[in-house]
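Read the structure below first, then the notes.
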Amino acid sequence: MTLVNRRTFLQSTAASAGLILTGTAASGAVDGANDRVRIAVAGLNGRGKSHIDGWFGQDNVEIAYLIDPDEKVLARTVKAVQEKANGKFKVKGVRDVREALDDPNLDAISVATPNHWHSLITIWAAQAGKHVYVEKPMSHDVVEGRVAVEAQKKYGVVIQHGTQRRSDSGIAGLHEAIQAGKWGKLKISYGYCCKPRGGIGFDKVSSPPENLDWNLWRGPAEIEEFHANYHPYNWHWFWKTGNGDLNNQGTHQLDVARWAIDKDQTHPVRAMAIGGRFQWGDQGETPNTMFAMAEYPNGQYVFFNVRNVNYKGYEHQVENEYYFEDGGRIVRGVYYPKGSDKGEKVKVDRGDVTPGGNWGSFITAVRAGDPSMANGNVHDAHYACVLGHLMNNSYRLGEEVPFNAKAGKFGDNKDAAEHFGRLHEIMSKGVGVKDNEKYTVGPALTFDPETERHTGDHAEVANKLLKDPNRKGFEIPDAAKV
Ligand SMILES: NC(=O)C1=CN([C@@H]2O[C@H](COP(=O)(O)OP(=O)(O)OC[C@H]3O[C@@H](n4cnc5c(N)ncnc54)[C@H](OP(=O)(O)O)[C@@H]3O)[C@@H](O)[C@H]2O)C=CC1
Ligand SMILES: O=C1CO[C@H](CO)[C@@H](O)[C@@H]1O
């Protein structure tokens, strides 16, 4: 990162927040013995383990707090980390994130909780002057993501999104070449999140386990009753806690897709989705199959495909493709000119990222007190997440129509019809979805990137989905008062 980049970023964030950043803990470099960084990790069951390993892998980083509302998970993780630290530091286990954030000697927090907690912890941490590494998706809804952006602007902390591809200089270089027009104008930036998963069955309402602090687990999510499918992991497939695979695994590929389009594009002006939760007959709410598209103000598109239902011959695709206006395409690192099956391997220079991988780059940015050094900063995080939220919201407002290849309403968009056609063929021939089943076809939602509100025909219902209701005591603050 050049000094110019750093200065521009700090000036623009400070200016838009109407303040001058002084040497607060957040805006300045980390002080302390030999630049030691004291970090807390929230959410320990799955991804939190990778966070712990990531911080152990950095010089002079101390894991000061471990946070989890499940006593058993907390106790076993504290024990394991304490043993591994081998006397180098002492870690404290707490159930409530606020206890760690109250510690003036804490520099940063990394967040690997379920999605419904991501923004609130990020906002609370920024308000407390702590830097934040937050897992994807940074937001569970559009409005809270905006509040996280405003909190970053106001408090000047480093916020880095858990989209680790942003630390890949190869992808950065490819996108720099695409944006420079090496293959002509990019027309469609395509992401796939096609990994096989299974159904989750049904779990009846029951009492939460004694070792779980159910109040803290729910936090901002308005859920009345516990069932064992929430905890752990399958919360991904319920709208109040997760965002489906589109904004789970898919956030990585949504972010890469948006990263490739022109740099001045923020949010799409239109988004729609079609899909269903086929075959599993379970309690999950989010689709396991999806074709979605979003159009940006400059006419570029992001297309997206989710396919989770396994079948014989399943094609695993967790990747991105790039389609150019002249008919050329880049698929799996090979460029194919229009109409040709003969491709040539793409060779590009490495692009501009902060070195050190996703963990190391965050610590470098924290030590420098420089938010612009985050690989996947709060702005990119917000735009990537909103892209998925708008597609999901279209799906959630959709109507059921018979399962057939004409289900999509794509107007004269031949590309969309063609790509949806491929998905339909897989679902009918591969998976065996029958004609008497149904697709959910979402409306084309129009969106104003400036106001971050829907406009047009479906605005009233769609705007209601921009913000989840929150439980008392866990409200997302107003963007203007953050
Ligand atoms: N970047 C990447 O490649 C990956 C990112 N992720 C992301 O990481 C996040 C976590 O996923 P995963 O580990 O699979 O999910 P899990 O459900 O396995 O783990 C989440 C953990 O967070 C805990 N938790 C819940 N509420 C709080 C809270 N208020 N404070 C602290 N901890 C809390 C849970 O507690 P309890 O033990 O009580 O359930 C659980 O231990 C997700 O957002 C996911 O998208 C996941 C995998 C890879
Ligand atoms: O299911 C999962 C596995 O991989 C993804 C990331 O690579 C996770 O985010 C996700 O929760």
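Position 344, counted from 1, in the sequence shown is what the numbering used here calls 1331; the numbers after and before it change by one each time, with no gaps.
Ideal Cβ placement from N, Cα and C applies to all residues, glycine included.
Per-residue burial, residue i [other beta carbons within 10 Å of its own, 16 or more giving buried]
i	result
glutamate 1462	exposed
glycine 1010	For glycine 1010, the predicted structure reports a pLDDT of 28, less than 50, and the residue's modelled location is therefore unreliable. A value from the coordinates is still provided. Exposed.
histidine 1303	exposed
aspartate 1455	buried
valine 1321	exposed
aspartate 1057	buried
lysine 1332	exposed
lysine 1468	exposed
proline 1430	buried
serine 1014	Model confidence at serine 1014 stands at a pLDDT of 41, short of 50, so the residue's coordinates are unreliable; what they give is reported in the following sentence. Buried: at least 16 other Cβ atoms inside 10 Å.
alanine 1012	Residue confidence for alanine 1012 is low, a pLDDT of 40 falling below 50, so the modelled location carries little weight; the figure read from the coordinates is stated next. So alanine 1012 ends up on the buried side.
leucine 1008	In this prediction, leucine 1008 has a pLDDT of 27, which is less than 50 and means its spatial position is unreliable; nothing more can be read from the coordinates.
alanine 1095	buried
threonine 989	Its pLDDT being 29, under 50, threonine 989 is placed unreliably by the model, and the measurement read from it follows with that caveat. Answer is exposed; the Cβ neighbour count stays below 16.
alanine 1099	buried
glycine 1143	buried
glycine 1131	It is glutamate, not glycine, that sits at residue 1131 in the sequence shown. Buried, since its Cβ has 16 or more Cβ neighbours within 10 Å.
arginine 1085	exposed
proline 1255	buried
proline 1274	buried
glutamate 1137	buried
aspartate 1232	buried
lysine 1140	buried
arginine 1316	buried
phenylalanine 1189	exposed
asparagine 1307	buried
glutamate 1447	exposed
alanine 1215	exposed
valine 1305	exposed
Identified DSSP bridge partners for residue i
i	result
leucine 1053	Val1028 and Gly1080
serine 1156	None; serine 1156 has no bridge partner.
leucine 1199	Asp1057
arginine 1257	Glu1282 and Thr1433
cysteine 1180	Val1293 and Val1305
tyrosine 1288	Ile1175 and Glu1282
asparagine 1457	Ala1208
serine 1194	BP columns for serine 1194 are empty, so no partner.
valine 1048	Val1024
lysine 1169	Gly1171
glycine 1263	Thr1276
histidine 1239	Answer is none; histidine 1239 lacks a bridge partner.
histidine 1214	Val1192
Assumed close pair residue i, residue j - CB separation to whole angstroms, cut-off 8 angstroms
i	j	result
glycine 1271	asparagine 1102	Glycine 1271 to asparagine 1102, Cβ: 15 angstroms. No contact.
asparagine 1032	proline 1207	Contact doesn't hold; Cβ gap of about 19 angstroms is too wide.
glycine 1395	valine 1365	So it is not a contact: roughly 34 angstroms between Cβ atoms.
glycine 1351	glycine 1343	One point to set straight first is that residue 1351 is threonine, not glycine, in the sequence displayed. Confirmed, Cβ separation roughly 5 angstroms.
arginine 1191	glutamate 1209	The residue you asked about is not arginine; residue 1191 is lysine in the sequence shown. Lysine 1191 to glutamate 1209, Cβ: 20 angstroms. No contact.
valine 1335	glycine 1171	Contact flag wrong, Cβ pair sits at about 15 angstroms.
asparagine 1047	valine 1024	7 angstroms
serine 1106	methionine 1125	6 angstroms
valine 1078	isoleucine 1054	Rounded, the Cβ-Cβ distance is 11 angstroms, inconsistent with contact.
alanine 1361	glutamine 1147	4 angstroms
proline 1464	isoleucine 1110	7 angstroms
alanine 1087	alanine 1027	4 angstroms
glycine 1157	tryptophan 1346	Actually they do not touch by this definition, with Cβ atoms about 18 angstroms apart.
valine 1418	phenylalanine 1390	That pair is no contact at about 11 angstroms.
histidine 1445	leucine 1432	6 angstroms
isoleucine 1175	aspartate 1402	6 angstroms
Ligand 3 heavy atom lying under 7 angstroms from the CB of residue i
i	result
asparagine 1307	In terms of ligand content, the structure shown lacks ligand 3 and carries ligand 1 and ligand 2 instead.
Legend entry - the segment 1259–1278 in contact with the segment 1377–1394 per 3-pair CB rule at 8 angstroms: Below 8 angstroms, enough C-beta pairs join the segment 1259–1278 and the segment 1377–1394 to call them touching: three or more.
Legend entry - Cβ contact (3+ pairs, closer than 8 angstroms) linking the segment 1316–1335 and the segment 1136–1155: no
Inset, instruction - Would you check if there are 3 or more beta carbon pairs closer than 8 angstroms linking the segment 1188–1200 to the segment 1231–1241? - result: no
Legend entry - Continuous beta strand (DSSP E) assignments of at least 3 residues falling wholly in the segment 1374–1443: 1386–1389, 1425–1428, 1432–1435 and 1440–1442
Inset, instruction - Output the residue ranges of the alpha helix (DSSP H) runs that lie fully inside the segment 1078–1156 and measure 4 residues or longer, sorted by chain position. - result: 1084–1088, 1105–1114 and 1129–1142
Legend entry - Segment contact flag, the segment 1109–1126 with the segment 1084–1101, C-beta cutoff 8 angstroms, min 3 pairs: yes
Inset, instruction - Report yes or no: do three or more beta-carbon pairs, one from the segment 1285–1296 and one from the segment 1166–1180, lie closer than 8 angstroms? - result: yes
Legend entry - Segments assigned beta strand (DSSP E), at least 3 residues, entirely inside the segment 1307–1370: 1316–1318 and 1321–1323
Inset, instruction - State whether the segment 1368–1378 contacts the segment 1271–1289, with contact taken as three or more CB pairs (one from each stretch) at a distance under 8 angstroms. - result: yes
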